[in-house]
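Undergrad:
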Amino acid sequence: MLVTLGPDQEVLHDTTSRFLDEHMPVASVRALRDDPAGFDPKYWVRGAELGWTSLLVSESAGGGSVSGNPLQDLTLIAYEFGTHAAPGPLVPVNVVAYALDTTGEAHADVLGALLAGEAIAAWGLIEPAPGDQLGMIELEIRADGDELVLNGVKRPVEAAGQADYFLVTGRTGDGLSQVLVPAGAPGITITPLESADLTRRFATVRFDSVRVPASAAVGALGGCDDQVRRQADIANVLHNAESTGAMQRSFDLTRAWVADRYSFGRSLDSYQEIKHRMADLLSWLQGSHAISDAATAAMDRDDPLAQEYVSAATAFVGEYGAELLQDCVQLHGGIGVTFEHDLHLYLRRVTVNRALYGTPAEHRRRLGSLVVAREIAK
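In my numbering, each number is its position in the sequence shown, counted from 1, plus 4.
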């Protein structure tokens, strides 16, 4: 990150970094490869004590920002998750906590459990093909007396197998609705998926006539379109910060490698071709830092152009993050494609991030649509 941090933000950032250094070194990340959950619940509770789950939540509900810029505060943690390829449902838990806090006190008990790290929530937004494009929602949420009935499929859903609750986004008529559903509700089927990321777990979640009381609604039925868009933008901001952290770590590893390795009596970084490639990587890295920071700031200040900032950042980081990681792998030569080297941990994280909540191509289209709509409205 390129922003200048305040004293409290420095403490938050440094505490998270030291905690992950101690409790989630690379060896521990590798060891979680075959763990069904991908993270230790005790580790997540300790992270919650450090503020990982509470920064987007109001003080009255038990949360609070350390700087007055809550999303920027949370991106400091996301960035360190990227530099460490750290496990844990950081994005879904924070998105759900934010949604519950901003829509009233109806789910205060669940929110409190999320803030304490005692419960895990997953967000069911994305749907399988052909409804997997950015903004497409087909799952049905309909009212039936004093109950709500859910029918549809969500895929992929991060931390679905570990979740105690699902925040499910669906369609009621022409508008979007959100419902908080206990993971054990009758009619829910969870099917694990394979993931490129070593520690993050995803699943397909099917809702077959799942019934919950009307009080399970999170916001107004059919009136959650703006709320859902903001939640998706928050998720993308966090993924961008995380991917930028992974890019920074990979660039640092590669810069040290080309300086230390010699060919024909010269270090690799003395060759013009390597210099040019490293310059390209640095420009992509600095650009990702800058545009990610700008989108975060726009969201925190409720800038009217915040959606444009977020889509521009998501398209840029998704495109050039993947390019940077692939180049880092190639610059390492044969060792770069081995499981024993650390690079693949960061490549996996960036690859998965760019496929969630809209691809770079989809965000370029969204950005174009937003700009055109703004110009027409003038």
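Every residue gets a Cβ at the ideal spot worked out from N, C-alpha and C, and that includes glycine. Since the model is a prediction, treat every value here as computed from it, not as a measurement.
#1: Between the C-alpha atoms of Arg-259 and Met-282, what's the straight-line distance to the nearest angstrom?
#2: What would DSSP say about Leu-171, mapped onto helix, strand or coil?
#3: Name the DSSP beta bridge partners of Ala-125, please?
#4: DSSP has Ala-221 in a bridge; who is on the other side?
#5: Verify whether the separation of the beta carbon atoms of Leu-242 and Glu-312 is less than 8 Å.
#6: Could you tell me the distance, in whole angstroms, from the CA atom of Trp-261 to the CA atom of Ser-292?
#7: Would the beta-carbon of Arg-60 fall within 8 Å of that of Thr-20?
#8: Starting from the C-beta of Thr-176, find all residues in its chain whose C-beta is less than 7 Å away, skip the five residues before and the five after it, and write them out in chain order.
#9: Sorted by chain position, which residues of the same chain lie with C-beta nearer than 7 Å to Ala-302's C-beta, five sequence neighbours on each side aside?
#10: Does the beta carbon of Arg-233 fall short of 7 Å from some heavy atom of the ligand GTP?
#11: According to DSSP, is Phe-255 part of a helix, a strand, or is it coil?
#12: So, using beta-carbon positions, are Asn-244 and Ala-317 closer together than 8 Å?
#13: Nearest to Met-140 by alpha carbon, out of Val-232, Trp-288 and Phe-170?
#14: Between Tyr-83, Phe-23, Trp-56 and Pro-29, which lies nearest to Leu-6 when the distance is taken from Cα to Cα?
#15: Just grab the DSSP bridge partners of Glu-162 for me.
#16: Does DSSP put Tyr-384 in a helix, a strand or coil?
#17: Report yes or no: do the stretch 124-141 and the stretch 158-169 share at least 3 C-beta pairs separated by less than 8 Å?
#18: Looking at the unbroken alpha helix (DSSP H) that takes in Ala-35, where does it start and where does it end?
#19: Just tell me which of Phe-255, Pro-40 and Leu-285 has its CA closest to the CA of Ala-167.
#20: State yes or no: is the C-beta of Ala-163 within less than 8 Å of the C-beta of Pro-96?
#21: Given 8 Å as the limit, is there contact between the stretch 69-85 and the stretch 12-29, that is, 3 or more CB pairs closer than that?
#22: Decide if Thr-203 is buried, meaning its Cβ has at least 16 other Cβ atoms within 10 Å, or exposed.
#23: Can you list, in chain order, the residues of its chain whose CB lies under 8 Å from that of Arg-265, leaving out five sequence neighbours each side?
#24: Quick check: His-111 and Val-222, are their CB atoms within less than 8 Å of each other?
#25: Check the C-beta distance from Thr-300 over to Gln-76 and give it rounded, since I have them as a contact under 8 Å.
#26: For the alpha helix (DSSP H) that contains Glu-144, what are its first and last residues?
#27: For a quick check, are the C-beta atoms of Leu-374 and Ser-315 less than 8 Å apart?
#28: Would you kindly check if the distance between the Cβ of Cys-228 and the Cβ of Leu-171 is under 8 Å?
#29: Indicate the three-state DSSP secondary structure (helix, strand or coil) for Asp-307 in the structure shown.
#30: If we ignore side chains and look at the alpha-carbon of each, how far apart do Leu-257 and Leu-347 end up?
#31: What three-state label does DSSP hand Leu-59 in the structure shown?
#32: May I ask you to verify whether the stretch 193-202 touches the stretch 339-355, counting CB pairs closer than 8 Å and requiring at least 3?
#33: Quickly, what does DSSP pair Gly-156 with across the bridge? List them, please.
#34: Quick one: what's Arg-270 bridged to in DSSP?
#35: Quick test of your reading: Ala-65 and Asp-105, contact by CB under 8 Å. State the CB separation rounded to the nearest angstrom.
TA: Reading off the structure:
#1: Looking at the backbone, the Cα of Arg-259 and that of Met-282 are separated by about 8 Å.
#2: Leu-171: strand per DSSP, three-state reduction.
#3: Paired residues: Tyr-169.
#4: Listed as beta-bridge partners of Ala-221 by DSSP are Val-183.
#5: Taking C-beta atoms as the reference points, Leu-242 and Glu-312 fail to come closer than 8 Å.
#6: When only Cα atoms are considered, Trp-261 and Ser-292 end up about 22 Å apart.
#7: For the record, residue 60 in the displayed sequence is Leu; it is not Arg. Cβ distance not < 8 Å, so Leu-60 and Thr-20 don't count as in contact.
#8: Cβ neighbours of Thr-176 within its own chain (closer than 7 Å, five residues either side excluded): Ile-145, Arg-146, Leu-225 and Gly-226.
#9: Taken in chain order, the residues that qualify are Leu-309, Ala-310 and Tyr-313.
#10: The ligand GTP is not part of the structure shown, which contains no ligands of any sort.
#11: Helix, per DSSP.
#12: With respect to Ala-317, Asn-244 sits close: the two C-beta atoms are nearer than 8 Å.
#13: Nearest in C-alpha terms to Met-140, of all of Val-232, Trp-288 and Phe-170, is Val-232.
#14: Selected option, being the one with the closest Cα: Tyr-83.
#15: Paired residue(s): Phe-206.
#16: Shown here, the chain extends from 5 to 382; a query on residue 384 therefore has no answer.
#17: Look at the beta carbons and you see the stretch 124-141 touching the stretch 158-169: at least three pairs across the two are nearer than 8 Å.
#18: DSSP places Ala-35 inside the alpha helix (DSSP H), whose first and last residues are 30-35.
#19: Out of Phe-255, Pro-40 and Leu-285, the CA that lies nearest to the CA of Ala-167 is found in Pro-40.
#20: Pro-96 is positioned such that its CB atom lies closer than 8 Å to that of Ala-163.
#21: They touch, by the three-pair rule.
#22: In summary, Thr-203 is buried, with 16 or more beta-carbon neighbours lying within 10 Å of its beta-carbon over all protein chains present.
#23: Cβ within range, chain order: Ser-271 and Leu-272.
#24: Contact flag set, yes.
#25: The C-beta distance from Thr-300 to Gln-76 rounds to 5 Å, short enough to meet the 8 Å contact threshold.
#26: Secondary structure note for Glu-144: it is in no alpha helix (DSSP H), and the uninterrupted beta strand (DSSP E) holding it is 144-148.
#27: A Cβ-Cβ contact shorter than 8 Å links Leu-374 with Ser-315.
#28: No; because the gap between Cβ atoms is not below 8 Å, this pair is not in contact.
#29: In the three-state reduction of the DSSP assignment, Asp-307 falls in the coil class, being assigned neither a helical nor a strand state.
#30: Computed Cα separation, rounded: 8 Å.
#31: In the three-state reduction of the DSSP assignment, Leu-59 falls in the coil class, being assigned neither a helical nor a strand state.
#32: Touching, per the Cβ criterion.
#33: Under DSSP, Gly-156 forms a beta bridge with Phe-211.
#34: Secondary-structure assignment with DSSP links Arg-270 through a beta bridge to Ser-267.
#35: Correct: roughly 5 Å between the Cβ atoms.
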